[in-house]
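**Student:**
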Amino acid sequence: MGSSPLLILIVLSLSVSSYARLTTTYYAKSCPQFAQIVREAAVNKQTATPTTAAGTLRLFFHDCMVTGCDGSLLVASSATNKAERDADMNINLPGDAFDLITRAKAILELTCPGVVSCSDILAQATRDLIKLVGGPFYEVRLGRKDALFSKATDVDGKLPTQEMTMEQIFALFASRGFSIEELVALIGSHTIGFSHCKEFANRIYNNSLTSDVDPTLNPEFAKGLKKLCANYRTDNSMAAFNDVVTPGTFDNMYYQNLKRGLGLLTIDQKLLIDPKTRPFAERFAANQTDFFQVFSRSIEKLSRLDVKIGNKGEIRHRCDAFNTKQI
Ligand code: HEM
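With mature numbering (1 follows the signal peptide of the UniProt record, and there is no 0) applied, the sequence shown corresponds to residues -20 to -1, 1 to 307, in that order.
1. Say whether chain C places a C-beta atom closer than 7 Å to the C-beta of T106.
2. State buried or exposed for K207, treating a residue as buried only when at least 16 other CB atoms are found within 10 Å of its CB.
3. Is the Cβ-Cβ distance between I184 and A165 less than 7 Å?
4. Does the region 217 to 228 come within contact of the region 251 to 269, defined as at least 3 CB pairs closer than 8 Å?
5. Tell me which residue opens and which closes the alpha helix (DSSP H) that F14 is part of.
6. Check for me: the beta strand (DSSP E) holding F275 runs from which residue to which?
7. For L(-9) and M144, I'd like the C-alpha separation in whole angstroms.
8. Could you check if S10 belongs to the surroundings of the ligand HEM, using beta carbon to heavy atom distance under 6 Å?
9. Going by DSSP in three states, D126 sits in which element: helix, strand or coil?
10. May I ask whether a heavy atom of the ligand HEM can be found less than 6 Å away from the beta carbon of R38?
11. Is F41 near the ligand HEM, going by C-beta to nearest heavy atom under 6 Å?
12. Please report how far the alpha carbon of C44 lies from the alpha carbon of L54, in whole angstroms.
13. Does the region 274 to 287 come within contact of the region 37 to 52, defined as at least 3 CB pairs closer than 8 Å?
14. Express the C-alpha separation of K125 and H297 in angstroms, rounding to a whole number.
15. I need the straight-line Cα distance from C49 to F275, nearest angstrom please.
16. Express the C-alpha separation of T29 and D136 in angstroms, rounding to a whole number.
17. Measure from the alpha carbon of D223 to the alpha carbon of each residue in S169, N186 and T269, then state which is nearest.
18. Where D108 and A33 are concerned, what is the direct C-alpha to C-alpha distance, given to the nearest angstrom?
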C-alpha cells in the first residue's frame, strides 16, 4: 500500500524544517570560539590517544542511528535508567571518545555557559577528526539540542550487526534514508580503527565443515590474524586494525584491501561479494575523490538524522547527565 500524499508532505516538511534550522553559523554570535575549542580538544586528544578518531566516528554513528543525533548515547545510566551507552552493541565504544566530548564541553561551559549542545560538539569533533586523519572536509550544520531520554532498549534493531543479511542491512539503512551507494561509502569508515578478535573469529577458526579459514580471506593475512587472536577467549582486549595497510589514515585503501582479501570483518568482504554493493566498492577502490565526495554527502546526511530542535531537547550542562534528574 502506498503512503498518502499528505503523509509524504508532512514527513518532507518536517525533515526540511529541521534541515533549514540547522546552520553552519549557529554559534557565530553566541559562542564564536566554538569551532576553535572543539578543534583544539580534538587535536590534543587524537595526539595523545590516536585511537580517538575511529572511536568518535563510531560513537557518532551509533548515536545518530538510535533516536537521532541528539547525544543520547553520551548519557550515563542511573539507578533507575539503563541508558543507550550500556546496551550490548555499545559496550565496546572506547572511553576516549566519550572523554573527548567531556573535555570539549568543560571548556565550552567555561567560555560560553549553557550555549553549546553535546550533540553539536560530537558532530563537529567527528568531522574535525576525520579531516585530521586524512579524510574529507565537509560543512557541519549546527543547532541540535540534546536528547531528553536515553534508553538501552531503544538500541534494539537500530544498529547493523554482522548476523544480519545484506538485505536486512539495506533495509535498515533505507529506513534511515540511505541509498546502497551511501551505505557502501559510510562503511568506508572502516578505513580506520580496530575490531576485536571475537568480531571476526568465525572467519579464522572453524569457518566451515570443509575449511578452517574463510576462503575469501588472503591466506597470509589469515595466518597473521590467527596468531594475533590465539588467546582471544581469555584476553578479550585483542583487536586488529580494520585497514591493515594504512590503519591510521582515512583513505580509500579499505576498498583496495577488499580486492586482495584483506577485509577484516565479514561485512567488509561482503561489500565486494554482494552484486548490489560491489560496483560501488570497486568505484571507491579506483577513485578516492569519488569516495570522499559520496562519504561527505552521506555523513552529512547522517548528522541530520532526527535532530532535536526548539523545545524538543535541551542544552545539557554536562554531557553524561540530563539537566533535570529523571525519576
Ligand atoms: C553496516 C554495517 C556495519 C557493521 C556490521 C559494522 C560492524 C562493526 C564492528 C563489529 C566493529 C568492531 C567493533 C569492536 O570490535 O570494537 C566496527 C568498528 C567500527 N565501525 Fe562499523 N559496522 C558497520 C558500519 C559502520 C558505519 C556506517 C560506520 C560509520 C559511519 C562505522 C564505523 C566504525 C568504526 C570507525 C569502527 C572502528 C571503531 C574503533 O576503532 O574504536 N561502521 N564496526
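Every residue gets a Cβ at the ideal spot worked out from N, C-alpha and C, and that includes glycine.
**Tutor:** The answer reads as follows:
1. You won't find chain C in this structure, because it holds only one protein chain.
2. exposed
3. no
4. no
5. F14 to A28
6. Not the beta strand (DSSP E): F275 falls in the alpha helix (DSSP H), residues Q268 to L282.
7. Low confidence applies to L(-9): its pLDDT is 48, below 50, so where it sits in the model is not reliable, and the reading given next is rough at best. Going by the C-alpha atoms only, they are around 29 Å apart.
8. no
9. strand
10. yes
11. yes
12. 11 Å
13. yes
14. 12 Å
15. 17 Å
16. 30 Å
17. S169
18. 9 Å
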